[in-house]
Amino acid sequence: MRWINRAKEKGAKIIVVDPRFTATASKADLFAQIRPGTDIVYLGAIINYILENKLFDRNYVLNYTNALLKVSKDYKLEEGLFSGYDAKTRKYAVVSWGYQLGPDNKPLKAESLEDQDSVFSKLKTHYSRYTFETAEKISGIPAAKIKEIADTFCKGKPGTILYALGMTQHTTATQGIRAYAIIQLLLGNIGKAGGGINALRGEPNVQGSTDMANLYNSLPGYLPYPVNTDKTMRDYLVHNGSFYEKHLVALLKAWFGENATKENDYGFSYLPKINPAVNGTFVKLFDMMEKGQVKLLFNVGSNPLVSQPNRQRVRAGLAKLDMLVVSDLFEIETAQFWREPGVKTADIKTEVIMFPAAFVYEKDGTLTNSSRWIQWKDAALKPLGEAKPDLEIVDALFKKIRKLYAGSTDVKDAPILQARWDYGEEPSALKVLQELSGYDEATGKLLPTIADYLKAPIGAASTGCWIYAGVTGNGNLAARRKNADPSGLGLFRDWSFAWPGNIRILYNRASCDDKGQPIDAKRKLIWWDIAKNVWTGDDGADVVDKTKGPDTPEGKQSFRMNPEGVGRLFAASYMSGMPVTPPADGLPAIGVRPGGLCVDGPMPEFYEPTESPTTNLLHPKVSGSPVALVISTLIGKSEEFPYVLTTYGVVEHFGAGGVTRNIPWLNEIMPEPFAEISKNLAGKIGVKEGDMVEVSSARGKITVRAIVTDRLQSYKVNGKDTETIGMPWSWGFASLSPGPSTNDLTIATLDPAGTPEYKACLVNIRGA
Amino acid sequence: MAINTQIKNPAQKQIDPNKVLRFTKGERLSHWVHAIAFFVLLFTGLGVLSTFFQPAMLGVGGIQVARLIHRGVAVVFVVVVGLMFFVGNPRYHWEWLKSVFNFTRADLQHVTAFPKEFFGAHGTYPPQDKYNGGEKINSLITIFGSVFITLSGMVMWFATSFPPGLVRWAYPVHDLSMIMMTAATIGHMYLCLLHPDSNPALAGMINGYVSTKFARSHHAKWYDRVKDEQNNS
Amino acid sequence: MTRKMVFVDTSKCTGCKACDVACKEWNELPAEKTHLITSYQTQKDFTPKTWTYMTFIEKYENQKMNFLMRKAQCFHCAEAACLKACSSNAISKTDSGYVVIDHDKCIGCGYCEENCPFGVPKADQANKKYYKCTGCIERVENNLKPACVHTCQPGALEFGERVVLLGQAKKRLTEVQKTNPKAQIYGEKEMGGTTFLYLLLDRPEVYGLPANPTIPLSLTLWKDVIQPVGGIAVGGAGAAVAVGVLANLLRGNYRSSEDDSNNHANS
Amino acid sequence: MDVSRRGFLKLSGLSIAAFATGLGFDPAVAEAKGYALKLEGSKKFPSICHFCAGGCGMLLYVKEGKLIHLEGDSDHPTNEGTLCPKGSSLLSVAYSPDRVTKPRRRAPGADHWEDISWEEALDRVAKKTKEVRDASWKVADEVVNAKTGVTETFPVNRTEGIAFLGSAEVDNEESYLISKFCRVIGTPYNEHQARI
């Protein structure tokens, strides 16, 4: 709010769209109460309005997006289903979502936006169904209000969008953000100071841990994860493009050192391969436990027994483990699931080991924030008692395991024995960070910058995470503390280090015109220095090559990480660099770079949440997302559970409350969970502020205090009166402030990326 | 022949003609309880009221002890004296009350003449009853002071049970009552201890009897009435 | 030190309660047991261990939600009723404008709490002493911002020279009044000008604040009339006694008191 | 009930005759007394807040090895010294009596924890890791070729029995080491909060 308030003082308009009137909403110029899970429909209406009224930035759309590229003739959307749908697997074959390719295997470009095959036309047709009136009927936001939002946002350029889990915890999670991206690309708000789409991410190092790929389907630096059919690195490159070769080899060098050689395919076979048919995402892992597949679970700094949707599944899964290993500061609910009130402790045969973890200020290391700033901090205190940093725990554990395998000649044990693992007797965080920063493998010296890494021949350099290359190349840049901001744009380039290559605003090439000069003189980020023939500026230039001018193909690319080099209004399936003639040796051809795919559609389409009080007005037959993965077995109907529940955090507590519920000061200012209901609903069920209410879903019920408020209003959906109930979810049975867990109620149903729909399910409520 | 106002059957007691019974045991008890309690309350109360007196509170074990004493003695101050109006032989208490509220012309004349008396000269006023005008005023100050200091004290003690506006007013009322009573007490003590003319009255509050001479000279109306009653019985 | 001021701009406050926590952290105050009272409010009043807390008022008018959040703490009045009421000179005012309680002197009489128009000071039942916001006087005297101001992330709290900040507050008011016509400054003149000065989005009564806070009449009457006049009265009585004794002495009454009384009675 | 300011001034005028009995009201103004700052003599450590991903700077004041105060880092461009309520409360984690300070073990079926040594804790986990890894080792997947319909065998080098949740709550170096640890021992099932 600090920066929002400041922007407001400088004349910015603040728009808040939320299922309830929040503290943030109280500072907004415009507030709209939305039915949870219907963002795409009102955003679609805004896209439609922009297109119909030509409010888009024409130059930007033409030059910096794929608006002109021609979409495959096979692409279709019928009755809510995109072409290529397989009802049996509930998955799409994405071939038809491609471009029409020319003989050079490059996409064909239309002459004008009006071309019927152009991305732009597809977009226009797609969203022509999204009128303000339809959006009102579905979302509950009055049509006039949506128009007001659209007008305000289109006028106030550059405009930025801040979002958090309210947008992503839906079965249409990715598509909601894609809708933002389309709006911002149309308005020319990406790559500019004051523009962009900003994820207000939740965890202290969620950016870093995503970069480090604590995710089953990626490797550090966003490298695609090898699948079972990738017998060799070449197979992997066929799937994923040659772009990743250098980075994967550098990673294998960091992991296996001199044991990763060209001869042994850089140890590619050491990597465990995933089965793409198996969904190994967070929520699904508990099914693997319940089915007896996973026997040993490590749980570091997370509290799934409180945080998982339909959390009864978590308890069932944990009880089937041989061993649960927990590392945390406090004795969180997950660590003591075996003594949750109501469970039969003696029947639970899971052995539990709990490691006392050191806290953030008790250890050296870096955290990466939402702006990709890698920030170093020194340990200020010794760990409390016998607590140890997780770095030491993992290090000690690995060394012990390696000892257990010492002397084994079994092929399966080779990765353990061959791994490069040398961070000292007592592991040093700096040494690990240096591994991320990257070495010249020949000399054993740190590579100074990411440019040096990129210049090095394949196999000559190592880095544990290529996007972090150079972070300690010239000293520990993450520890820099110069807070000067000469540009006045909040870049702070001498404060810590932003990946990649200390670029603060990504895609900043799009802030320049075709001559490479800043479009907005007040917000100059980078420019082409004609005299010196180089991209320069207040920010690091996000260009392919700093010496390639705006008149070169490389210098034109505003979105260099996309295979088209431009922003993608339509997320086409496309691999750049496919050779015109197939390789002479008969092997499959290798392209350069694939476009990022949204497996639930190339353009956002509105689908109702899995549990919804109504059917989809756009296509009643395909009401919910056709590719959502519904895990919960108990699904509620609106006749029995007529109200929409949306869940969220509170400012006073954090996540599953494992830390904050053990801080008395925070328990004092937010002592208990609650249910926020409208005065209408309160009157209907006969409760008043402060009364206890029982909220129930098909999966469970809990009793909490009611907050009866005008901040939630009844609204109409398809002409039917509807109510939203809001509940925070940060409580569990343990800690200094125990309380019922809202995730007893929520539904486990996932978007294709594995994000559960915490934000919308059906419930009933009565006085307790 | 002593005059006994207490015992209806005087024949049973030997009467000393040189003294007259002015205050019964009950009256004396309530006076002294009231007086001692007042001084304790004044002393401890001043400790709370003013930094000037705070060091003195060390004598009773500190200011918090003084506050406790203040409250404890306040109960004695109110309850014991109050009870005297109802237990034992309360007739004289009620007569005293009746008498002080019956402020006559003679009382007024006494009061007007009193300043002269006060400074050792001679004032002229008609014969006075058992309580002269000055005593009546002293009594009235005591009565009203006690009532107000009690009521305001209760409000202060149980401040949370009363609206803040009332509590705020209780402080000046309590303080004002104290000031009036203290001023009256100073005069009262002077008259009974240091004022040569009034000084003999002190005996009446100690053993109950005043000299017939004093009674005749200062409270002639009363003396005459008592004598009549005596003679008629 | 010159007069300081904390500007509490409720138009920027988001009710996050960080000020509450920072206050407790700096002043080493323990947490207390609470529950939700109304909206997101969990603390009803000041306590000896809660010197600042957040109040929440929801006012829904003409389909518009006014979600009013206000940080409550001692106002540090220029004309402080508590200071005036204090019986033991335990409360004093610094040049910088802070009203502080000296706990070595406080005897727990409670006059401060009852006379404060905002009911700020609260007694610790264990040691019978009164506690309230110190304004982080030791931070301020050492050129640091008060803990609450330091931590306020939406920028609703600002600390500085009173003359400067007051001007800024008025400028801000003009801006805020464009969207909130009822907005007003509270504390410029009230109680002689308070050190914690508010920009409120609605009338003070809506926030549960007195519209026109003053030193209670009872207190003025007590401290400025009754006590001095009473002092004169008691002193006068004492003086009269002294003169009386002297007069009697001069008249030789003590030597012949019996005769005098006889004479007198005869007169 | 209350008097206006003007009334107050008028009434104040009456107080000039205050009598020196100690009852008079003495308007005290504190003499500039030295306010000692508890931070004196402490060392400042900048750190990063451990709640959301904003990455606000914290400043820790450490005196004789003890954390005595924690506040926002005024030099930090993101938060300029400010902290939310959660960040403001982080001092209390340092010495919380509720922290786990020793490794502990809950035996199968037991209803209580027992403290164990680090050595024993790590040994137990390492042995269990080896046991589960060896028992659940998957050498190859069988995949049906979509074009030919033929079932082919592909080496996968994977343990099916171990999963690792973590973590967005630890430092990059730790996250990375967890990532590396999992893949080196053969488990791809490393997930964390970013997913949800």
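Protein chains in written order, with the numbering used here: chain A, 49 to 816; chain B, 788 to 1020; chain C, -1 to 265; chain D, 446 to 641.
Here a beta-carbon is modelled for each residue, glycine too, at the ideal position from N, C-alpha and C.
Nothing here was measured: the structure is a model prediction, and the numbers come from that model.
Assigned secondary structure, residue i (DSSP; H/G/I helix, E/B strand, else coil)
{"i": "Phe470/D", "result": "Confidence at Phe470/D is low in this model, with a pLDDT of 35, below 50, so the placement of that residue should be treated as unreliable; the coordinate-derived value is given next. Phe470/D: coil per DSSP, three-state reduction."}
{"i": "Ile98/A", "result": "helix"}
{"i": "Arg815/B", "result": "helix"}
{"i": "Tyr634/D", "result": "coil"}
{"i": "Leu573/A", "result": "coil"}
{"i": "Val591/A", "result": "coil"}
{"i": "Phe599/D", "result": "strand"}
{"i": "Asp560/D", "result": "strand"}
{"i": "Asn247/A", "result": "Looking at the sequence shown, residue 247/A is not Asn but Ala. Correct three-state label for Ala247/A: strand."}
{"i": "His701/A", "result": "coil"}
{"i": "Leu465/A", "result": "helix"}
Closest residue to residue i among the options (Cα-Cα distance)
{"i": "Ala801/A", "options": "Ser778/A, Val647/A, Tyr318/A", "result": "Val647/A"}
{"i": "Ile35/C", "options": "Gly738/A, Glu805/A, Thr757/A", "result": "Gly738/A"}
{"i": "Phe69/A", "options": "Asn358/A, Tyr696/A, Ser671/A, Gly269/A", "result": "Tyr696/A"}
{"i": "Asp962/B", "options": "Thr218/C, Pro202/C, Cys131/C", "result": "Thr218/C"}
{"i": "Arg550/D", "options": "Ser621/A, Asp633/A, Ser375/A, Lys530/A", "result": "Ser375/A"}
{"i": "Gly940/B", "options": "Val954/B, Pro950/B, Ala1007/B", "result": "Val954/B"}
{"i": "Gly538/A", "options": "Lys118/A, Phe180/A, Gly242/A, Met49/A", "result": "Gly242/A"}
{"i": "Gly305/A", "options": "Val629/D, His637/D, Glu636/D, Leu535/D", "result": "Val629/D"}
{"i": "Ile24/A", "options": "Ile449/A, Leu760/A, Asn237/A", "result": "Given a span of 49 to 816 for chain A in the structure shown, any question on residue 24/A remains unanswerable."}
{"i": "Glu659/A", "options": "Gly486/A, Ala746/A, Glu473/A, Leu344/A", "result": "Ala746/A"}
C-alpha gap between residue i and residue j, whole angstroms
{"i": "Pro600/D", "j": "Asn276/A", "result": "7 angstroms"}
{"i": "Ala221/A", "j": "Val326/A", "result": "20 angstroms"}
{"i": "Gly536/A", "j": "Gly521/A", "result": "27 angstroms"}
{"i": "Arg170/C", "j": "Pro211/C", "result": "23 angstroms"}
{"i": "Glu434/A", "j": "Ala93/A", "result": "57 angstroms"}
{"i": "Phe130/A", "j": "Thr208/A", "result": "30 angstroms"}
{"i": "Ala235/C", "j": "Leu895/B", "result": "20 angstroms"}
{"i": "Ala552/D", "j": "Thr72/A", "result": "48 angstroms"}
{"i": "Phe180/A", "j": "Leu66/C", "result": "32 angstroms"}
{"i": "Tyr820/A", "j": "Pro674/A", "result": "Because chain A here runs from 49 to 816, residue 820/A falls outside it and cannot be looked at."}
{"i": "Gly684/A", "j": "Asn812/A", "result": "10 angstroms"}
{"i": "Arg641/A", "j": "Ser624/A", "result": "5 angstroms"}
{"i": "Val577/D", "j": "Tyr806/A", "result": "33 angstroms"}
{"i": "Ala277/C", "j": "Tyr540/D", "result": "Since the first and last residues shown for chain C are -1 and 265, residue 277/C lies out of range."}
Residue i burial status per 10 Å Cβ neighbour count (16 or more: buried)
{"i": "Asp395/A", "result": "exposed"}
{"i": "Lys121/A", "result": "exposed"}
{"i": "Phe873/B", "result": "exposed"}
{"i": "Ile189/A", "result": "buried"}
{"i": "Phe1040/B", "result": "Since the first and last residues shown for chain B are 788 and 1020, residue 1040/B lies out of range."}
{"i": "Gln225/C", "result": "buried"}
{"i": "Ser871/B", "result": "Residue identity differs from the one stated: residue 871/B is Met in this sequence, not Ser. Burial call: buried."}
{"i": "His637/D", "result": "buried"}
{"i": "Glu476/D", "result": "Residue placement at Glu476/D is poorly supported in this model, since its pLDDT is 38, which falls under 50; the coordinates are not used for a value here."}
heavy atom of the ligand FAD below 8 angstroms from residue i C-beta
{"i": "Val743/A", "result": "The ligand FAD is not part of the structure shown, which contains no ligands of any sort."}
Checklist entry - Which runs of the alpha helix (DSSP H) spanning at least 4 residues fall entirely within the segment 857 to 899 of chain B, listed in chain order? => result The segment 857 to 899 of chain B contains these whole alpha helix (DSSP H) runs: 878 to 887.
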